[in-house]
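Participant: Below are the structure tokens for one structure; questions will follow.
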Amino acid sequence: MFLSSGRATGCIVTPGEVRDVSSTNRLKDEPMKLTWKLGALFLSGTLLVGCGGDGGGDSDSSSGDDTSASDTGGSGDDLGEASDGLDDDGEAGSGASIDPLIKDLVDDFEDLPNEYAEIKSAYQQDSKNVEAVQSYAATLLNFAMLHAQKGNEALSNQSLTLAAKAIQKAETAGVEFPQSDLRPTIHYGYACLQAKAGKDTEALALLNKAIETGFNNMALLEAEADLKAVRELPEYTAQKEQWTAHFEEMQKRQQEEQKLHAKEDLGKDNGYPFDFALKDVYGKDIVLEQFKGRVCIVDIWATWCGPCRQEVPSFIKLQDKYSKYGFQVIGLNSEQGSTEESRAGIVKNFMANNSMNYPCALITEEVLAQVPNLQGFPTTLYIDHKGKVRLSSVGYHDYTYMSTVVEELLKEQAAERLAAREKANTN
Numbered sequence: 002m003f004l005s006s007g008r009a010t011g012c013i014v015t016p017g018e019v020r021d022v023s024s025t026n027r028l029k030d031e032p033m034k035l036t037w038k039l040g041a042l043f044l045s046g047t048l049l050v051g052c053g054g055d056g057g058g059d060s061d062s063s064s065g066d067d068t069s070a071s072d073t074g075g076s077g078d079d080l081g082e083a084s085d086g087l088d089d090d091g092e093a094g095s096g097a098s099i100d101p102l103i104k105d106l107v108d109d110f111e112d113l114p115n116e117y118a119e120i121k122s123a124y125q126q127d128s129k130n131v132e133a134v135q136s137y138a139a140t141l142l143n144f145a146m147l148h149a150q151k152g153n154e155a156l157s158n159q160s161l162t163l164a165a166k167a168i169q170k171a172e173t174a175g176v177e178f179p180q181s182d183l184r185p186t187i188h189y190g191y192a193c194l195q196a197k198a199g200k201d202t203e204a205l206a207l208l209n210k211a212i213e214t215g216f217n218n219m220a221l222l223e224a225e226a227d228l229k230a231v232r233e234l235p236e237y238t239a240q241k242e243q244w245t246a247h248f249e250e251m252q253k254r255q256q257e258e259q260k261l262h263a264k265e266d267l268g269k270d271n272g273y274p275f276d277f278a279l280k281d282v283y284g285k286d287i288v289l290e291q292f293k294g295r296v297c298i299v300d301i302w303a304t305w306c307g308p309c310r311q312e313v314p315s316f317i318k319l320q321d322k323y324s325k326y327g328f329q330v331i332g333l334n335s336e337q338g339s340t341e342e343s344r345a346g347i348v349k350n351f352m353a354n355n356s357m358n359y360p361c362a363l364i365t366e367e368v369l370a371q372v373p374n375l376q377g378f379p380t381t382l383y384i385d386h387k388g389k390v391r392l393s394s395v396g397y398h399d400y401t402y403m404s405t406v407v408e409e410l411l412k413e414q415a416a417e418r419l420a421a422r423e424k425a426n427t428n
């Protein structure tokens, strides 16, 4: 139910590691620690969550089926049935006693019961502590995304409901939250669940709350299939114009902030060497060395990852706009599938359906290991014309951020070329 495609993100992040619940166990033995920051990490930007149907997004994901709430236990409003994965004494269960909310996740996250017990306990001890609330809600949001990716829509709905109730309780108590994408994400997702359950008025109130806390994507509101009945409410029509004006002003501010943020990130220059020699999904050689002299973006992503799919239109736009100046986008994919051929087929279908104008290859463990402290998908590497990674960003970033970094690196490239020509002329 998550993201604009109505499918699961399939992405989960823990500090210092990446977890792809469908494929490699490369980091299986490392500790897991979910914190409130994780929810915002992959859900930054404006196109946060969706709740079924196409939602106006570009995707061709093969992860999961679109299942209505009526088929999966409804909206999860009954908190008595929306268990949080702990035994009655508040301790994590073990073995067969583990609650169904987390039982299907334990194989992918070995330390989950104990780690979740700590997070839950901190929230229970002080439900007005902002960090405890955010940690608990973000953890549940991640559960919701993982369950959706596995096709467990009922458990996904229950997880999201618990997250929404925790946030609502804290807001009612006057807890002051720092600005992040966690609350708008949860409010919007829960609005979708309420709409699925036929509670259109309640859904509209939650949409207002999502917008108040930072949600700003009018296109998603207008396209989301599960919000159709909400859009037909007279109150929605009355508020639409006000929302649109609010979104436009917010977007202007955010674009300026993104430009500044991008320049600051690039200025840190936490670069590192990176290289690969692979075959693209069509069998052609693709070697990073052959692009030396150009500014490159290497997008480490997957078609099953919602934030990854969300960034693809921006990469297409960047390739169109800047390729003539010496710029190239390259996608490196981590896909589901039992064979390399099937994984390549998934990527080729996605590329065709989304008119992608840049090459993609299946990433290997050896290439993936070159990225220090890999945290999750998407990870975007910005590589200068000398072949050095100058910036590595994790999670969704919008076009303004990306284009700002690319333009700054292209300026460096152009300045060096100009200096070389002037030196040659003086000789």
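Numbering (the numbering used here), first residue to last: 2 to 428.
We treat Cβ as the ideally placed atom computed from N, Cα and C, and that holds for glycine.
Predicted model, so just to flag it, every value in this text is computed and none were measured.
#1: Let me know if Ser339 comes out buried or exposed under the rule of 16 or more other beta-carbons within 10 Å of its beta-carbon.
#2: If Leu319 and Met403 are in contact, beta carbons under 8 Å, what's the gap, nearest whole angstrom?
#3: Select from Val296, Ala362 and Leu207 the residue whose C-alpha is nearest the C-alpha of Tyr283.
#4: Looking at the secondary structure, which residues open and close the alpha helix (DSSP H) in which Ala164 lies?
#5: Please report the residue range of the beta strand (DSSP E) in which Trp244 lies.
#6: Could you tell me which whole alpha helix (DSSP H) segments of length 4 or greater appear in the stretch 260 to 344?
#7: If we count the other Cβ atoms within 10 Å of its Cβ and call it buried at 16 or more, is Arg254 buried or exposed?
#8: Contact defined as beta carbons within less than 8 Å: I believe Val107 pairs with Pro101. What is the distance between those atoms, to the nearest angstrom?
#9: Which parts of the stretch 348 to 427 are runs of the beta strand (DSSP E), unbroken and 3 residues or longer, counting only runs that do not cross its ends?
#10: Could you name the residues of the same chain whose beta carbon sits closer than 8 Å to that of Asp321, not counting the 5 residues immediately before and after it, in chain order?
#11: Does DSSP put Ile103 in a helix, in a strand, or in coil?
#12: When you compare the CB positions of Val368 and Phe277, do they come within less than 8 Å of one another, or not?
#13: Counting Cβ pairs, one atom from each stretch, are 3 or more of them under 8 Å apart for the stretch 171 to 182 and the stretch 141 to 161?
#14: If you reduce the DSSP assignment to three classes, tell me which class Thr214 lands in.
#15: Could you check what DSSP says for Phe178 in three-state terms: helix, strand or coil?
#16: Who are the near neighbours of Pro373 in its chain, counting only those whose CB is closer than 7 Å to its CB and skipping five residues on each side?
#17: What are the boundary residues of the alpha helix (DSSP H) that includes Asn115?
#18: Look up Lys229 in the DSSP assignment and say whether it is helix, strand or coil.
#19: Whole angstroms are fine: how far does the CA of Gln414 sit from the CA of Arg422?
#20: What is the C-beta distance between Asn217 and Gln252, in whole angstroms, given that I count them as a contact (C-beta under 8 Å)?
#21: Roughly how many whole angstroms lie between the Cα atoms of Val231 and Asp201?
#22: Which residue from Glu225, Glu290 and Asp105 puts its Cα closest to that of Lys389?
#23: Leaving out the 5 sequence neighbours to the left and right, which residues in its chain are closer than 6 Å to Ala420 when beta-carbon positions are compared?
#24: Hey, is the stretch 228 to 242 in contact with the stretch 378 to 387, meaning 3+ C-beta pairs nearer than 8 Å?
#25: Among Lys121, Thr245 and Phe144, which has the Cα closest to the Cα of Phe110?
#26: Quick check on Glu119: buried or exposed, where buried means 16 or more other Cβ atoms within 10 Å of its Cβ?
#27: Which residues bound the alpha helix (DSSP H) around Gly199?
#28: Could you give the C-beta distance for Ile187 and Leu142, rounded to a whole number, given that I count them as a contact under 8 Å?
#29: Exposed or buried, Gly307, counting other C-beta atoms within 10 Å across all chains shown (16 or more means buried)?
#30: Counting along the chain, where does the alpha helix (DSSP H) carrying Phe110 start and finish?
#31: Using the C-alpha atoms, what's the distance from Val296 back to Ser157?
#32: Give a yes or no on whether the minimum CB-CB distance between Gly272 and chain B is below 8 Å.
#33: If you draw a straight line from the C-alpha of Ala211 to the C-alpha of Tyr397, how long is it?
#34: Restricting to Cα atoms, I'd like to know which of Val134, Tyr400, Gly215 and Pro185 is closest to Gln311.
#35: Just the C-alpha distance for Leu375 and Ala425, rounded to the nearest angstrom, thanks.
#36: Beta-carbon separation of Pro360 and Ile301 under 8 Å?
Facilitator: With the given structure in hand:
#1: exposed
#2: 6 Å
#3: Ala362
#4: Glu154 to Thr173
#5: Here Trp244 belongs to no beta strand (DSSP E); instead the alpha helix (DSSP H) covers Pro235 to Lys269.
#6: 307 to 323
#7: exposed
#8: At roughly 11 Å, the Cβ-Cβ gap does not stay under 8 Å, so Val107 and Pro101 are not in contact.
#9: 361 to 363, 380 to 384 and 389 to 395
#10: Asn358
#11: helix
#12: yes
#13: no
#14: coil
#15: coil
#16: Tyr273
#17: Leu113 to Gln126
#18: helix
#19: 13 Å
#20: 6 Å
#21: 5 Å
#22: Glu290
#23: none
#24: no
#25: Phe144
#26: exposed
#27: Segment: none, Gly199 is in no alpha helix (DSSP H) and carries neither H nor E.
#28: 6 Å
#29: buried
#30: Where Phe110 is concerned, there is no enclosing alpha helix (DSSP H), given that its DSSP letter is neither H nor E.
#31: 41 Å
#32: Looking for chain B here will not work: only one protein chain is present.
#33: 19 Å
#34: Tyr400
#35: 42 Å
#36: no
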